[in-house]
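Just remember that my numbering sits 1 ahead of the position in the sequence shown, which is counted from 1.
Beta carbons: idealized from backbone N, C-alpha and C, even for Gly.
Right, one structure below, let's go through it.
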Amino acid sequence: MIEFLKNWISTDEEHVSECDDNLLQAICALLLEAAMIDGQIDDEEIEQTKHAICSFFDVSEDQASQMIRQVKQSAGDSQEFHSLTKQIRDKCDYEEREYILSLLWQIVMADNQIDSLESSLMRRLAGLLFVSDVDSGKAKQKARERLGLA
Numbered sequence: 002m003i004e005f006l007k008n009w010i011s012t013d014e015e016h017v018s019e020c021d022d023n024l025l026q027a028i029c030a031l032l033l034e035a036a037m038i039d040g041q042i043d044d045e046e047i048e049q050t051k052h053a054i055c056s057f058f059d060v061s062e063d064q065a066s067q068m069i070r071q072v073k074q075s076a077g078d079s080q081e082f083h084s085l086t087k088q089i090r091d092k093c094d095y096e097e098r099e100y101i102l103s104l105l106w107q108i109v110m111a112d113n114q115i116d117s118l119e120s121s122l123m124r125r126l127a128g129l130l131f132v133s134d135v136d137s138g139k140a141k142q143k144a145r146e147r148l149g150l151a
């Protein structure tokens with residue numbers, strides 16, 4: 002019986018940090034959309050996006066850079082937020098979605114400003130990711146701390 006429990010615990014669901022290309026692409030697309038929502042994307046936002054991808058998935062900086070290039074190239078074929086967030090909801094638990102939201106906040110706040118378009122986008126994405134307003138606020142605060150803005 003003890004052996005059965007050990008095996009059952011060790012075969013728990015795999016964590017999202019295991020690389021799933023579709024999920025990686027969906028998260029990368031949302032991060033880049035957050036970076037571009039104010040009409041411009043600067044080097045700091047690209048670096049924050051790369052760092053976010055590397056921290057959430059177990060990928061190298063080169064792999065993250067390649068994914069960013071691929072997503073930027075296919076930006077004209079952009080998928081709508083509903084399909085991207087559905088992929089994330091289907092593959093990530095609540096805590097992972099909350100963490101993704103904090104990564105999105107980190108991208109939005111990389112330039113130390115939040116304009117009305119960015120704020121609106123973040124409210125919309127929190128709703129689409131099924132993250133509560135309270136937890137979205139916590140995610141925002143975590144992003145501030147990571148950026149040293151708190």
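Check, Outcome
"Lys-87 versus Leu-31: straight-line alpha-carbon distance, rounded", "12 Å"
"Leu-122 vs Arg-98 beta-carbon contact at 7 Å", "no"
"At least three beta-carbon pairs within less than 8 Å, the region 105–113 to the region 25–42", "yes"
"Candidates Glu-48, Gln-41 and Asp-21: closest to Leu-148 by CA position", "Glu-48"
"Assigned exposure category for Tyr-95 - 16 Cβ within 10 Å defines buried", "exposed"
"Of the listed residues Leu-104, Lys-143, Ser-133 and Asp-136, nearest to Glu-46 (C-alpha basis)", "Leu-104"
"Alpha helix (DSSP H) segment containing Asn-23, residue limits", "22–37"
"Among Ile-115, Phe-57, Gly-138 and Ile-28, the one whose alpha carbon lies nearest that of Asp-39", "Ile-115"
"Burial state of Glu-119, where buried means 16 or more other Cβ atoms lie within 10 Å", "buried"
"Gln-71 versus Val-132, Asp-43, Ala-27 and Lys-92, residue with shortest Cα-Cα distance", "Ala-27"
"Rounded straight-line distance, which links the Cα of Lys-143 to that of Ser-56", "14 Å"
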